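The structure appears below as C-alpha cells.
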Amino acid sequence: MTKLQLANQVMIEHPLFGLLITLACFQCANVLYNRLGRLPVAYPLVVAALLVVAILELTGLSYRRYLESVETLNLLLGTVTVALAVPLYESLRRLRTMFFPVMFTVACSAVSAVFIVMVLAEAVGLEEVIIKSLATKSVTTPIALSITEDIGGKATLAVLFILITGLFAPLFVPILLKIFPAKNDAVTGIAIGVSAHAIGTAKALEISRECGAFSALAMSLMGLMTAFLLPLIL
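In terms of the working numbering, the sequence shown is numbered consecutively and its last residue is 271.
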C-alpha cells in the first residue's frame, strides 16, 4: 500500500468523515439549487443524498460506519424541530385569531391521513408491519420514531416513508399553489405542515416566515394528534 493509499484509508476511516461529506454535499447541493433558480427537481436534500451515496460507493465506506459518523446530526433532529418555534413566536398575534380553525384542520388531517393509509394499505394486501410503519408518514421524524416503536412498526421503514412523503413538498407545492391558490401564507403553511412535516416546512420558509411559522405549528400539532390517535387504532 502506497503512502497516498494509506492516507486515503486513514481519512475514510476517520470518525468525522461521514459528517464532513454530508455537510459538504448539502452545501454544494444548496448552491446548485440557488444557481438553478430553486428548481424543484434540484432540491438540496435529494441532490445531497445522491452525492453522499455516490461517495460511499466510491470510497467503500460501509453504511453502518457512515451512520456512526453522522450520529450528531441525528441527535440534533429534535433541537432543530424546537428551533422552528422562533418564526412561530413572530406570528403569535396572528395565530391567536386562527387557533380554533387551525386545531380543527389539523385534527381532521390527522384522522384522514391515518384512515386513508390504512384503507389503501389493507386494500393492496401490505404486511402489518409495513402498514404500521406507513401510518406515521405525515409526522416529523423525532415524533414518528417514538410512535412507530410503540405501535409495533419498523423505524427504518418509517424513516423511508417520511422522507418520501416530505420530498413531494418541494416537487408539488409550487404546482398545487397555482392550481389551488391559497388566500394567504398562513393557509398555505398549514396545508404544507400537515402533509410534508419538516421537509415541507423548509419549503414553506422559502415562501415566507409566516408560511413557515404556520407550517411548523401544523407539523407539531399533527405529530401530537397522531401520537394520541394511533395507539387507540392499532
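All C-beta atoms in this analysis are idealised placements derived from N, C-alpha and C, irrespective of residue type, glycine included.
These figures come from a predicted structure and were not determined experimentally.
Nonlocal neighbours in the same chain, by C-beta distance under 7 angstroms from residue i, ignoring five residues either side
i: residue 179; result: 114, 115 and 118
i: residue 268; result: 187 and 188
i: residue 127; result: 246 and 250
i: residue 89; result: 58, 59 and 62
i: residue 77; result: 207, 208 and 211
i: residue 143; result: 231, 255, 258, 259 and 262
i: residue 292; result: Outside the displayed span of the chain (38 to 271) sits residue 292, for which this structure offers no information.
i: residue 182; result: 192 and 195
i: residue 279; result: This structure gives no information on residue 279, because the portion of the chain shown stretches from 38 to 271.
CA nearest to the CA of residue i, picked from the options
i: residue 233; options: 199, 222 and 245; result: 199
i: residue 120; options: 101, 242, 181 and 202; result: 242
i: residue 266; options: 72, 146, 195 and 60; result: 146
i: residue 261; options: 140, 70, 86 and 248; result: 140
i: residue 151; options: 235, 63 and 172; result: 172
i: residue 46; options: 95, 70 and 80; result: 95
i: residue 271; options: 65, 136, 56 and 184; result: 184
i: residue 85; options: 70, 98 and 74; result: 70
i: residue 112; options: 56, 263, 219 and 195; result: 56
i: residue 194; options: 218, 219 and 164; result: 164
i: residue 75; options: 248, 240 and 91; result: 240
i: residue 166; options: 182, 190, 100 and 91; result: 190
Spatial distance of residue i from residue j (CA atoms)
i: residue 132; j: residue 255; result: 11 angstroms
i: residue 50; j: residue 110; result: 18 angstroms
i: residue 214; j: residue 192; result: 32 angstroms
i: residue 224; j: residue 168; result: 30 angstroms
i: residue 216; j: residue 206; result: 15 angstroms
i: residue 228; j: residue 105; result: 35 angstroms
i: residue 107; j: residue 238; result: 22 angstroms
i: residue 175; j: residue 53; result: 31 angstroms
i: residue 123; j: residue 138; result: 22 angstroms
i: residue 16; j: residue 202; result: There is simply no residue 16 to check, as the chain begins at 38 and stops at 271 in what is shown.
i: residue 79; j: residue 73; result: 8 angstroms
i: residue 196; j: residue 87; result: 17 angstroms
i: residue 153; j: residue 226; result: 22 angstroms
i: residue 285; j: residue 125; result: This structure gives no information on residue 285, because the portion of the chain shown stretches from 38 to 271.
i: residue 68; j: residue 162; result: 43 angstroms
i: residue 102; j: residue 82; result: 21 angstroms
i: residue 93; j: residue 65; result: 17 angstroms
i: residue 136; j: residue 130; result: 10 angstroms
i: residue 204; j: residue 39; result: 43 angstroms
i: residue 252; j: residue 100; result: 32 angstroms
i: residue 149; j: residue 91; result: 38 angstroms
Proximal residues to residue i (C-beta, below 6 angstroms), its chain only, five neighbours per side dropped
i: residue 98; result: 49
i: residue 235; result: 177
i: residue 248; result: 222, 225, 226 and 241
Own chain residues within Cβ distance below 8 angstroms of residue i, not counting five before or after
i: residue 219; result: 225 and 228
Residue-level contact to chain D via CB, residue i, 8 angstroms cutoff
i: residue 106; result: The structure shown contains no chain D, having only a single protein chain.
**OP:** Count the C-beta pairs between the stretch 158-172 and the stretch 238-257 that are closer than 8 angstroms, then say yes if the count reaches three, no if not.
**Re:** no
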